[in-house]
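Take -14 as the starting number for the sequence shown in the working numbering and just add one per residue.
Quick reminder that beta carbons are idealized off the backbone N, C-alpha and C, glycines included.
No experiment lies behind these values; they were computed from the predicted model shown.
Here the structure comes first, spelled out in structure tokens, and everything after it is commentary.
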Amino acid sequence: MSFFKSEVVRAEMAEIHELQQEVYSNVFKFQNMSSEDKSYHVNILEKLIEKQRVMYTRLSLSDDPDAKKMKQDIVDSASMMGLPKNLDMNKVWSDMTKMVDIMRKQIDKESES
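Put into structure tokens, the structure is as follows:
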């Protein structure tokens, strides 16, 4: 079976798309959000990063040519954004998770004051 014909993969990709849409729709509003809304946004961002990490791992484990192409497209996109070509994408997901943790701590500080 083709990688992208799997119901699990299709459902995960649909959820990733929905999460991306939600994150992108609020990214420019973030600064003016309430602490509660910021916290919700960060939770969505964290969920998106985790789903993307899992999908990337699935792509990495697949022998399907379309999956290999998508994985390469992700690496190429990261490179176009200035990341080194030989960068381990798992490091990228890890760094993004750390950034989310920093954001969450900052939101917690703001809501305490």
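- Task: Note down the Cα distance separating Val85 from Asp48, rounded to an integer number of angstroms.
- Result: Residue 85 sits at position 100 when you count from the first residue of the sequence shown. Residue 48 sits at position 63 when you count from the first residue of the sequence shown. Using only the alpha carbons, I get a separation of about 32 Å.
- Message: Counting C-beta neighbours from all protein chains within 10 Å, is the total for Gln37 16 or more, i.e. buried, or is it exposed?
- Response: Position 52 of the sequence shown, counted from the start, is the residue given in the question as residue 37. Counting Cβ neighbours within 10 Å, Gln37 comes out buried, since at least 16 surround it.
- Leu30 versus Asn11 - alpha carbon distance: For the purposes of this step, residue 30 is taken as the residue at position 45 of the sequence shown. For the purposes of this step, residue 11 is taken as the residue at position 26 of the sequence shown. Each residue's alpha carbon lies about 11 Å from the other.
- Task: Assign Ile87 to buried or exposed, taking buried as 16 or more other Cβ atoms, counted over all protein chains shown, within 10 Å of its Cβ.
- Result: One-based indexing of the sequence shown puts residue 87 at position 102. Exposed: under 16 other Cβ atoms inside 10 Å.
- For Lys70 and Ser64, believed in contact at Cβ under 8 Å, the rounded distance: Residue 64 sits at position 79 when you count from the first residue of the sequence shown. Residue 70 sits at position 85 when you count from the first residue of the sequence shown. Their Cβ separation, rounded to whole angstroms, is 5 Å, which keeps Ser64 and Lys70 in contact under 8 Å.
- Item | Length of the line joining the Cα atoms of Phe99 and Glu21 | Nothing can be reported for residue 99: it is not among the residues displayed for the chain, which extend from -14 to 98.
- Item | Among Phe13, Ile59, Gln6, Leu44, the one whose alpha carbon lies nearest that of Lys32 | Reading the sequence shown from its first residue, position 47 is the one you call residue 32. Closest by alpha carbon: Gln6.
- Alpha carbon of Lys53 to alpha carbon of Thr82, nearest angstrom: On the sequence shown, residue 53 is found 68 positions in, with the first residue counted as 1. On the sequence shown, residue 82 is found 97 positions in, with the first residue counted as 1. If you take the alpha carbons of Lys53 and Thr82, they lie about 25 Å apart.
- Taking Glu(-3) as the reference, which of Met18, Met74, Ile34 has the closest Cα? Numbered from 1 along the sequence shown, position 12 holds the residue referred to as residue -3. Cα-wise, what sits closest to Glu(-3) is Ile34.
- Message: Can you tell me whether Phe13 sits near the ligand HEM, meaning its C-beta is under 8 Å from at least one heavy atom of the ligand?
- Response: The ligand HEM is absent from the structure shown, which contains no ligands of any kind.
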